[in-house]
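Novice: Under the numbering used here, residues 1490 to 1561 are what the sequence shown spells out, in order. Note that beta-carbon positions come from the ideal geometry of N, C-alpha and C, so glycine has one too. The structure's right below; bear with me while I get my questions together.
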Amino acid sequence: MVIGNHYPEFDYEADLENLKEAVERMEISYPVAQDNDGATWMAYNNRYWPTLYLIDKQGNLRYFHIGEGKYD
């Protein structure tokens, strides 16, 4: 299962309607959580946009990638 976590970098990105519009415009088919307070962002000690995490069923981090690219 893929889940997006949106932690806004700019003020206008914190608006839920703007996020909904972007998800639709970009044809994102997986759920995207709005993380305005950065709770998930901070839980993973994240510092970079974007970062991809692969977490197994037991909650173990199996892979991560920082930055653009390597999406396949």
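Quick one: using the 10 Å Cβ neighbour count with 16 as the cut-off for buried, is residue 1505 buried or exposed?
Specialist: So residue 1505 ends up on the exposed side.
Novice: Using 8 Å as the cut-off, can you tell me whether the stretch 1494 to 1512 makes contact with the stretch 1524 to 1533, which would need three or more C-beta pairs spanning the two stretches below that distance?
Specialist: Judged by Cβ distances under 8 Å, the stretch 1494 to 1512 makes contact with the stretch 1524 to 1533, as three or more pairs qualify.
Novice: In the DSSP assignment, what are the bridge partners of residue 1523?
Specialist: DSSP lists 1495 as partners of residue 1523.
Novice: Quick one: using the 10 Å Cβ neighbour count with 16 as the cut-off for buried, is residue 1508 buried or exposed?
Specialist: Result: buried.
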